[in-house]
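Chemist:
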Amino acid sequence: MAAEPADAGLAGEPAPTGDSETAEPEGPAGFFNPEVPLEALPDAEAVDWVPLHPRFARRLQVGAAIRAVVYLAGAGAFQMAVSPRNRAAIAESLPWLPAFLWTALGVFCVCSIVWPRIAVPRRGYVVREKDLLYKSGVLWRSVKAFPFNRVQHTKLHSTPLDRRFGLASVSVFPAGGGLGNHVRGLGRETAERLRVYISERIESGAAARDSAEHTDAPGNAGR
Amino acid sequence: MNPPNPGDWQRSSPFALLFFAGNILRAVARAMLQGALIPLIALVPLVWDDPGALRILLLSFGAVLVLPFVAGALQWACFRFRIAEDRLLIRKGVLRKAALDLPHERVQGINVRRSPVDRLFGLVTVTLDTSGSVQAEGKLPSIKTEVADWLQRSVTAIRPVVGGATADEGGSGATGASRSADAEGARSATGPGSVLLQLGPADMVRIGLASRNFIFVAALIGVLTDLLQPGDFLDPILEAVEAGVDSAASAFTGLGALAQVGLAAAVVAAIAGVALLLTVTAAFLRHHNFTLQHDGGRFRSRAGLLTQREVVVEAPKIQQLTVSQGLVLRWLRQYRLYALPAAAVSPDAGRVSALDVPDVLEVPLLDGRLVDDLRAGVFAPEATAIPVLPGNSGFERVSPHYIRALALRYGLVLAVVFGTLLVLAWAGVFARTSTVLFWWAASIPAAALAAWQRWRRQGYAYDRDGLASRSGFLGNEVKAFLLRKVQSATVSQSPLQRRKGLATLRVQLACGRITVPYIDRHVACALRDYILYRVESSRRRWH
Numbered sequence: 121m122a123a124e125p126a127d128a129g130l131a132g133e134p135a136p137t138g139d140s141e142t143a144e145p146e147g148p149a150g151f152f153n154p155e156v157p158l159e160a161l162p163d164a165e166a167v168d169w170v171p172l173h174p175r176f177a178r179r180l181q182v183g184a185a186i187r188a189v190v191y192l193a194g195a196g197a198f199q200m201a202v203s204p205r206n207r208a209a210i211a212e213s214l215p216w217l218p219a220f221l222w223t224a225l226g227v228f229c230v231c232s233i234v235w236p237r238i239a240v241p242r243r244g245y246v247v248r249e250k251d252l253l254y255k256s257g258v259l260w261r262s263v264k265a266f267p268f269n270r271v272q273h274t275k276l277h278s279t280p281l282d283r284r285f286g287l288a289s290v291s292v293f294p295a296g297g298g299l300g301n302h303v304r305g306l307g308r309e310t311a312e313r314l315r316v317y318i319s320e321r322i323e324s325g326a327a328a329r330d331s332a333e334h335t336d337a338p339g340n341a342g343r
Numbered sequence: 002m003n004p005p006n007p008g009d010w011q012r013s014s015p016f017a018l019l020f021f022a023g024n025i026l027r028a029v030a031r032a033m034l035q036g037a038l039i040p041l042i043a044l045v046p047l048v049w050d051d052p053g054a055l056r057i058l059l060l061s062f063g064a065v066l067v068l069p070f071v072a073g074a075l076q077w078a079c080f081r082f083r084i085a086e087d088r089l090l091i092r093k094g095v096l097r098k099a100a101l102d103l104p105h106e107r108v109q110g111i112n113v114r115r116s117p118v119d120r121l122f123g124l125v126t127v128t129l130d131t132s133g134s135v136q137a138e139g140k141l142p143s144i145k146t147e148v149a150d151w152l153q154r155s156v157t158a159i160r161p162v163v164g165g166a167t168a169d170e171g172g173s174g175a176t177g178a179s180r181s182a183d184a185e186g187a188r189s190a191t192g193p194g195s196v197l198l199q200l201g202p203a204d205m206v207r208i209g210l211a212s213r214n215f216i217f218v219a220a221l222i223g224v225l226t227d228l229l230q231p232g233d234f235l236d237p238i239l240e241a242v243e244a245g246v247d248s249a250a251s252a253f254t255g256l257g258a259l260a261q262v263g264l265a266a267a268v269v270a271a272i273a274g275v276a277l278l279l280t281v282t283a284a285f286l287r288h289h290n291f292t293l294q295h296d297g298g299r300f301r302s303r304a305g306l307l308t309q310r311e312v313v314v315e316a317p318k319i320q321q322l323t324v325s326q327g328l329v330l331r332w333l334r335q336y337r338l339y340a341l342p343a344a345a346v347s348p349d350a351g352r353v354s355a356l357d358v359p360d361v362l363e364v365p366l367l368d369g370r371l372v373d374d375l376r377a378g379v380f381a382p383e384a385t386a387i388p389v390l391p392g393n394s395g396f397e398r399v400s401p402h403y404i405r406a407l408a409l410r411y412g413l414v415l416a417v418v419f420g421t422l423l424v425l426a427w428a429g430v431f432a433r434t435s436t437v438l439f440w441w442a443a444s445i446p447a448a449a450l451a452a453w454q455r456w457r458r459q460g461y462a463y464d465r466d467g468l469a470s471r472s473g474f475l476g477n478e479v480k481a482f483l484l485r486k487v488q489s490a491t492v493s494q495s496p497l498q499r500r501k502g503l504a505t506l507r508v509q510l511a512c513g514r515i516t517v518p519y520i521d522r523h524v525a526c527a528l529r530d531y532i533l534y535r536v537e538s539s540r541r542r543w544h
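Heads up: the sequence lines are chains A and B, in that order.
For the first sequence, the working numbering begins at 121 and goes up steadily by one.
For the second sequence, the working numbering begins at 2 and goes up steadily by one.
Okay, here's the thing in structure tokens:
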């Protein structure tokens, strides 16, 4: 019961139904930590999302089309490889099977080519002063936040197809790994600027932390 | 033997060759398992009749066993280290030379492991825990105990425990820290290393009983005995037992069925007994004489029957506390605790490599009071209010819609499994269609019940500094962490969650991911924003 957070209103406050009791917990003494009104915290949803590069959807479609050609060629080769005896057996017992498989493959290929048109407009990113936000998802939507002072290093990479469209991706690596920490589909210059910006933020953060450690080392009072 | 000046270049003991050879053997075994083994086994029948080829194959097998020791000897010969005033220097490598320069101030923990050979000759293997993003690089195999002590002293001299200072400073104001200090005092522990916990033989039995492997081992033994089928040497015993039972049964006519039930029970008890014996032996091997010490800001655990392990973790380095309680532990009113440091991450892969995860501080058996003390000790002046015991009433439940989502997920899995079975049944390969349908129908309430149980276990709690998430099915597991140690945060919504105004909060820590599913969307967003605020305004090191 001691666990009932004294600031139960913390999360409830922005909600219309949240109870308004905001009993201030006794702050641990010994270090400086100004109170921040919770409604003053910047909302990570109410931002102007920057859309990805306009050519990115087309680039994904081209990639999907190339993959579709490979799949179809593979399926065709497989069909050729089936021996006539087996083909006859299939035609006799399961006459609908080849048509069904081909239709399924065709529908899958068409969907994967159309999908970027639907998915890409719903992706976006924002660079704030202290973090990078990335939203994605059509049905399952998510907003990821990467604080710059937790980023270990960054990476800029582009596939040959990306370069053909003048695109690049930026990956950020916080400690502990985790997958999908990248923003795909940026213009090449944008990506490079973003990478440089994040690197600068990392360094300035590290410098600030170091100076904080040196100035108030024993008590570690700096926050 | 005159002891060399510890400041000079020196080698480790020749027994370190066992360590090097063991490393190579492990790598070879892993490579074998990953690919080379199956072709090799396939080769055997091919060359079985050809004595020449067979000899070559056997020779190469022998080489695989012998070469690591030769290579290990070479590596030992090329391995040198020097403990300078402020740094540890290592020169190693036979062909590819490597020179390591490890400043003491980057060392976060000194973990010590003593294999039986090491113990026989008064040696230790030291692993220096560096700052998390570098894989365990500072390894000194089989060095003399005095040298290890010297190293430990010089590291501590350069690097007084930051966390200890923090804890002491904060302790004046924070109730939690002072409470833990009181508790330590109550345990009449004096001096720098106060002993928090010591486990004896009776505890080993309890650990063995509570082991997760217990059921598994029991099932394995059951299957094995079933496969061996009263064999050769068990037969006479079983017959004798049966004869005895028969004679007893004939004395009490009509008790034949009862006697059979009794015999079955005896067999089950025997299987459980053997399984218990195995898991208790494992517990003894791993946790014998377990001692947990707390000095300054460091936690130190020491345990092991043959190979002794000593794990040292500085409180500020701990990313996450995991408290788990299985059914048996719950019955014993005990808990199991892990303190996870940042996992070693290779900078290229950006993924946690399972091979080089630093030593995790594990406390296999402890009571609730000590869990609370440890929580206070680890989180020091922060997060004094988050609960870490699963039974705490401070946990808030997640939305009941979670049950529906889980049931849907289980239902999908069941549909795939039983759908396949149904197709097989139609084709006449498998059991009758009606049987499959019956079991499908019977499994649906079970899935719903399982979803409900999972929801009952799911919970979360937070205060201004930390967050705790509880989950589990039969047992319970609580993961607690400080908000400022978060690496990245994600709020996601499924279509169902969007309709109901719910969301899932995921936070990535340096040691893994924690999920709080199906909470109010506004709560999730506000928590995410608050976590970001805490992370971005924090000037403290997270590791």
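All C-beta atoms in this analysis are idealised placements derived from N, C-alpha and C, irrespective of residue type, glycine included.
Sort Ala203(B), Arg27(B) and Tyr461(B) by Cα distance to Pro518(B) and report the nearest one.
Modeler: When only C-alpha atoms are compared, the closest one is Tyr461(B).
Chemist: Counting only Cβ pairs nearer than 9 Å, list the residues of chain B close to Glu212(A).
Modeler: Within 9 Å Cβ-Cβ: nothing; Glu212(A) doesn't reach chain B, min ~16 Å.
Chemist: Select from Ala149(B), Leu103(B), Arg107(B) and Gly201(B) the residue whose C-alpha is nearest the C-alpha of Gly123(B).
Modeler: Of the candidates Ala149(B), Leu103(B), Arg107(B) and Gly201(B), the one whose C-alpha sits nearest the C-alpha of Gly123(B) is Ala149(B).
Chemist: Please report the distance separating the alpha-carbon of Thr385(B) from that of Ile515(B).
Modeler: The straight-line gap from Cα to Cα measures roughly 20 Å.
Chemist: When the cut-off is 8 Å and only beta carbons count, does Glu163(A) lie next to chain B?
Modeler: According to the sequence shown, residue 163(A) is Asp rather than Glu. Taking Cβ atoms only, chain B reaches closer than 8 Å to Asp163(A), which makes this a yes.
Chemist: Could you tell me the alpha carbon to alpha carbon distance between Gln199(B) and Gln309(B), rounded to whole angstroms?
Modeler: Roughly 15 Å between the two C-alpha positions.
Chemist: Kindly indicate which residue of Ile272(B), Arg213(B), Val313(B) and Leu330(B) has the alpha-carbon position closest to the one of Gly223(B).
Modeler: Of Ile272(B), Arg213(B), Val313(B) and Leu330(B), the residue nearest in Cα terms is Ile272(B).
Chemist: Tell me which residues share the same chain as Ile25(B) and place their Cβ nearer than 7 Å to its Cβ, disregarding the 5 neighbours each side in the sequence.
Modeler: Here the set comprises Pro69, Ala72 and Gly73.
Chemist: How many Å lie between His273(A) and Asn301(A) at the Cα?
Modeler: Using only the alpha carbons, I get a separation of about 11 Å.
Chemist: Would Pro348(B) pass as an interface residue toward chain A - the criterion being a Cβ-Cβ separation below 8 Å?
Modeler: Residue placement at Pro348(B) is poorly supported in this model, since its pLDDT is 40, which falls under 50; the coordinates are not used for a value here.
Chemist: Here's a check: name, in chain order, each residue in its chain whose Cβ is nearer than 6 Å to the Cβ of Tyr339(B), leaving out the five neighbours to either side.
Modeler: Result list for Tyr339(B): Thr323, Val361 and Glu363, in chain order.
Chemist: Along the segment 246-261 of chain A, what residues have a CB closer than 8 Å to any CB found in chain B?
Modeler: The residues in question are Lys250, Asp251, Gly257, Leu259, Trp260 and Arg261.
Chemist: Taking the continuous alpha helix (DSSP H) assigned at His277(A), which residues delimit it?
Modeler: His277(A) -> not in any alpha helix (DSSP H); beta strand (DSSP E) instead, spanning Val271 to His277.
Chemist: Using a Cβ-Cβ cut-off of 8 Å, state whether Glu537(B) counts as contacting chain A.
Modeler: Closer than 8 Å: yes.
Chemist: For the segment 490-516 of chain B, which residues have a CB atom closer than 7 Å to at least one CB atom of chain A, in sequence order?
Modeler: Listed by position, the residues of the segment 490-516 of chain B near chain A (Cβ gap below 7 Å) are Ala490, Thr491, Val492, Ser493, Gln494, Ser495, Pro496, Gln509, Leu510, Ala511, Cys512, Gly513 and Arg514.
Chemist: Please report how far the alpha carbon of Phe439(B) lies from the alpha carbon of Ala426(B), in whole angstroms.
Modeler: Rounded to the nearest angstrom, the two C-alpha atoms are 13 Å apart.
Chemist: Under the DSSP definition of a beta bridge, which residues are partnered with Thr223(A)?
Modeler: DSSP lists no partner for Thr223(A).
Chemist: Throw me the rounded Cβ distance for the Ile532(B) and Ala504(B) pair, which I believe falls under 8 Å.
Modeler: Between Ala504(B) and Ile532(B) the Cβ distance is about 14 Å, and since that is not below 8 Å, they are no contact.
Chemist: By the three-class DSSP mapping on this structure, what secondary structure does Pro215(A) have?
Modeler: Three-state DSSP puts Pro215(A) in coil, outside helix and strand.
Chemist: Would you list, in chain order, the members of the segment 519-532 of chain B that have their beta-carbon closer than 9 Å to a beta-carbon of chain A?
Modeler: Taking 9 Å as the Cβ-Cβ cut-off against chain A, the residues of the segment 519-532 of chain B that qualify are Ile520, Asp521, Arg522, His523, Val524, Ala525, Cys526, Ala527, Leu528, Arg529, Asp530, Tyr531 and Ile532.
Chemist: Using a C-beta cutoff of 8 Å, does Trp543(B) count as contacting chain A?
Modeler: Yes, because at least one Cβ of chain A sits closer than 8 Å to the Cβ of Trp543(B).
Chemist: Using 8 Å as the limit for Cβ to Cβ distance, is Asn269(A) near chain B?
Modeler: Yes - at least one Cβ of chain B is within 8 Å of the one on Asn269(A).
Chemist: Quick check on Gln261(B): does DSSP put it in helix, strand or coil?
Modeler: Three-state DSSP puts Gln261(B) in a helix.
Chemist: State the DSSP-derived secondary structure class of Lys140(B), mapped to helix, strand or coil.
Modeler: Three-state DSSP puts Lys140(B) in a strand.
Chemist: Report the three-state DSSP secondary structure of Gln89(A) (helix, strand or coil).
Modeler: Past the edges of chain A, shown from 121 to 343, lies residue 89(A), and the structure says nothing about it.
Chemist: Hey, Ile319(B) and Val379(B) are a contact pair by Cβ (cut 8 Å); roughly how many whole angstroms apart?
Modeler: That belief holds up - the Cβ atoms of Ile319(B) and Val379(B) are roughly 5 Å apart, short of 8 Å.
Chemist: Output yes if chain A places a C-beta closer than 8 Å to the C-beta of Gln488(B); else output no.
Modeler: For Gln488(B), the answer is yes, since a Cβ of chain A falls inside 8 Å of its Cβ.
Chemist: Under 8 Å between beta-carbons, which chain B residues line up against Ala265(A)? List them in chain order, please.
Modeler: Ser489, Ala490, Thr491, Arg529 and Leu533, listed in chain order.
Chemist: Alpha carbon to alpha carbon, how far is Val234(A) from Glu165(A)?
Modeler: Spanning the two alpha carbons is a distance of roughly 28 Å.
Chemist: Please state whether DSSP places Gly305(B) in a helix, a strand or coil.
Modeler: Looking at Gly305(B) - three-state DSSP - the assignment turns out to be coil, as it is neither helix nor strand.
Chemist: Can you list the alpha helix (DSSP H) stretches of 4 or more residues lying completely in the segment 370-430 of chain B, in chain order?
Modeler: Correct list: 402-427.
Chemist: Val275(B) to Phe293(A), Cα distance in whole Å?
Modeler: Near 48 Å, if we compare the C-alpha coordinates of Phe293(A) and Val275(B).
Chemist: Taking its Cβ as the centre, do 16 or more other Cβ atoms sit within 10 Å of Gly171(B), making it buried, or is it exposed?
Modeler: Low confidence applies here, because Gly171(B) scores a pLDDT of 35, under 50, leaving its location unreliable; read the following figure in that light. Burial call: buried.
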